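I have placed the structure first, in the form of structure tokens, so that the comments after it can refer back to it.
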Amino acid sequence: MNSSRLLFTIPISIIAFLFLGMFYERISNPSNPNEYILRRNRLSMISVASIALLPVLTFIGDYQWLTFTVMNASFYAITIIEIDRHLYFLENKTKMYEVFAMSKEQAINSADTRIIYENLTRREIEITLSILGNLSYKQIAKDLFIAESTVSKHASNIYKKTGAKNRRQFISRYRKKSK
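Counting in the numbering used here, the sequence shown runs from 54 upward without gaps.
Below, the structure written as structure tokens:
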């Protein structure tokens with residue numbers, strides 16, 4: 054049994070810790086180090102590190118209480134990331150209403166929980182907030198850990214859904230509504 058654990062643990066642990074190192078390297082220097090990004094990066098590291106520890110815990114022995122505690126830490130971190138993302142959108146709801154409302158009055162009257170930008174996906178909303186924060190597609194891609202071409206495709210969908218022809222028109226339309 055011990056040799057089986059050892060044969061399982063060594064290669065999987067090496068792969069897991071290499072991935073953990075590469076993941077840390079990728080997220081350790083965000084180009085837009087705001088509080089939301091830094092908090093999300095820390096929670097992501099907790100989650101990935103917890104999962105990387107599983108093969109080591111398997112080798113140590115059958116201590117389910119320890120394994121369950123580590124896995125719960127990972128799942129709690131993921132849950133907190135999702136709750137934090139939702140709170141971030143709620144905090145920026147007013148900005149989003151102003152961008153996508155037909156008029157200032159509609160933005161003011163949309164204080165209920167109905168979301169005016171319901172035709173945008175969650176990722177499109179996140180990219181919209183980044184575009185409005187004057188981030189380049191390259192910066193957005195790095196912050197969200199996706200390809201720049203993916204950001205461009207999402208931006209194209211955002212512009213179509215909001216009736217803007219391009220980024221410049223989208224931002225200028227937003228600035229007109231927020232005045």
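All C-beta atoms, glycine included, are put in the ideal place defined by N, C-alpha and C. Computed from a predicted model, the values in this text were never measured in an experiment.
Buried versus exposed, by CB contacts within 10 Å (16 or more), residue i
i	result
His139	exposed
Tyr116	exposed
Leu119	exposed
Pro108	buried
Asn219	exposed
Arg93	buried
Ala200	exposed
Leu59	exposed
Phe223	buried
Ser81	exposed
Leu106	buried
Ser57	exposed
Residue i, DSSP secondary structure in three states
i	result
Gly74	helix
Ser225	helix
Lys218	coil
Ile161	At Ile161, the pLDDT of 49 sits below 50, so the modelled position is not reliable; the number obtained from the coordinates is stated separately. Note: Ile161 maps to helix in three-state DSSP.
Ile67	helix
Ser84	coil
Ser103	helix
Phe198	coil
Expected contact under 8 angstroms - CB spacing of residue i and residue j to nearest Å
i	j	result
Ala217	Ile180	Wrong, their Cβ atoms sit about 13 angstroms apart, outside the cutoff.
Contact set for residue i: own chain, Cβ-Cβ below 7 angstroms, skip 5 residues either direction
i	result
Leu10	The requested residue 10 is not part of the displayed model; the chain covers only 54 to 232.
Ile193	Ile180, Ser183, Val204
Arg226	Ala217
Asn210	Glu177
Met155	Low confidence applies here, because Met155 scores a pLDDT of 43, under 50, leaving its location unreliable; read the following figure in that light. Same-chain partners within the cutoff: there are none.
Leu73	Val101, Ala102, Ala105
6 angstroms Cβ shell around residue i - same chain, five flanking residues per side excluded
i	result
Ser97	none
Tyr172	The amino acid at residue 172 is misidentified as Tyr; the sequence shows Asn. Result list for Asn172: Lys214, in chain order.
Other residues of its chain near residue i: CB distance less than 8 angstroms, five sequence neighbours each side excluded
i	result
Thr62	Pro108, Val109, Thr111, Phe112
Tyr89	Asp137, Tyr141
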